[in-house]
Amino acid sequence: MTTYRHFYVKSRAKTSPDINLKDLPGSAGRLDIVARCINAAFWLSYGIRKNVVFHTILHGEPNAPIYIRLEGEKLRKVSPDERSIAIFIGKALKKFDSSKEIESTPGIFVARKSFEELLEENRDKNFYLLDENGEDISNVEIKTPFFLLGDNVDMPPEEKKLALDYGAKLVSLDKKSYLSSHCIAILNWWIDKNEQENSIS
Ligand SMILES: C[S@@+](CC[C@H](N)C(=O)[O-])C[C@H]1O[C@@H](n2cnc3c(N)ncnc32)[C@H](O)[C@@H]1O
Numbered sequence: 034m035t036t037y038r039h040f041y042v043k044s045r046a047k048t049s050p051d052i053n054l055k056d057l058p059g060s061a062g063r064l065d066i067v068a069r070c071i072n073a074a075f076w077l078s079y080g081i082r083k084n085v086v087f088h089t090i091l092h093g094e095p096n097a098p099i100y101i102r103l104e105g106e107k108l109r110k111v112s113p114d115e116r117s118i119a120i121f122i123g124k125a126l127k128k129f130d131s132s133k134e135i136e137s138t139p140g141i142f143v144a145r146k147s148f149e150e151l152l153e154e155n156r157d158k159n160f161y162l163l164d165e166n167g168e169d170i171s172n173v174e175i176k177t178p179f180f181l182l183g184d185n186v187d188m189p190p191e192e193k194k195l196a197l198d199y200g201a202k203l204v205s206l207d208k209k210s211y212l213s214s215h216c217i218a219i220l221n222w223w224i225d226k227n228e229q230e231n232s233i234s
C-alpha cells in the first residue's frame, strides 16, 4: 500500500497570473519559496516522488486566497527548476475559476479554498505543525502525515491554533530555524530512512 506524504506551505505570493519570472522573490511575493518547496517535495535525482501531494494557499494581492495542489502521481511536463515551476503556477492562476476546482495542467489543481477548509477535507490524515520549539521528530511517530509549514515567516498564531484544534502535533527538526524547502527535504529523507529501516527489520 502506498503511504502518501502531504506538505502544505503557507504563502504570501501574488494571486494574479502576470508573474515576472525574473523577479520571483520581489514582485511575485516570494513565489521563489513556493517553487523551491515544490522542488524539495517531489524531485529525486532521476525521477519524481509519486507518493507526494503538495498544497499551498497563496495569500497575496489581488485575489486571495487561491489554493493550489500538485499530485506526484499525475504531474507531467514540469521540470525541477524554479522558473518552470513558476510558469506552471502562472498557468494555474490563469485558469482559476472561483466556482469550481480546475486541473490546470496534468497533476496541478487550483480552487478557492481557505486554510480551515483544507484542514477539514484532510482530517483523515495526521497533521504535523513544523515548529522549531516542538517535540523532537525522533520522538514522534509519523503516520499518514500532512505536514504544515510557514514560508519565510511562521504561520500566524490564529492558523497555528486552528491546526492544533484539528489535532496537529508540534514537531521540531532542531532548534535552528531552517528554510521551509530544507525542512521538506529533511522530512522526505527522514521518512525514507525510517521506511527503509522498517522494511529491513
Ligand atoms: C524560514 S522558517 C520561518 C522563520 C522563523 N521561524 C520566523 O521567525 O518567522 C519557515 C518554516 O519552516 C519551519 N521550520 C524552520 N525551522 C524548523 C525547525 N528547526 N524545526 C521545525 N520546523 C522548522 C517552520 O514551519 C517555519 O514556519
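So the sequence shown is numbered by my numbering: it starts at 34 and just counts up by one. Here a beta-carbon is modelled for each residue, glycine too, at the ideal position from N, C-alpha and C. Here the structure is a predicted model, which means the values were calculated and not measured.
One Cα belongs to K43, the other to E150, and the distance between them is close to 14 Å.
At least one heavy atom of ligand 1 is found less than 7 Å from the C-beta of N185. For R116, no beta strand (DSSP E) segment is defined; the enclosing uninterrupted segment is the alpha helix (DSSP H) at E115 to K128. Using a Cβ distance threshold of 8 Å, L220 and F180 count as a contacting pair.
The nearest non-hydrogen atom of ligand 1 is less than 7 Å from the C-beta of E165. The beta-bridge partner set that DSSP reports for N159 consists of P178. Contact between the region 94-108 and the region 143-163 is established, with three or more Cβ pairs separated by less than 8 Å. Note: A144 is bridge-paired with Y100 in the DSSP secondary-structure output. Between the alpha carbons of I120 and D51 lies a gap of roughly 10 Å. Ligand 1 approaches Y211 closely enough that one of its heavy atoms is under 7 Å from the residue's Cβ. In the displayed model, D164 falls within a strand according to three-state DSSP.
For the region 36-106, the full-length alpha helix (DSSP H) segments reaching 4 residues or more read 64-75 along the chain. Short of 6 Å from the beta carbon of I217, and not among the five residues preceding or following it, lie these beta carbons of its own chain, in chain order: F40, C70, A73 and A74. Within the DSSP secondary-structure output, S205 pairs in a beta bridge with D169. In the DSSP annotation of this structure, the continuous segment of the alpha helix (DSSP H) that includes E192 starts and ends at P190 to D198. Remark: three or more beta-carbon pairs, one from each stretch, lie closer than 8 Å, so the region 202-211 and the region 158-169 are flagged as touching. In the three-state scheme derived from DSSP, where H, G and I count as helix and E and B as strand, S232 is classed as helix.
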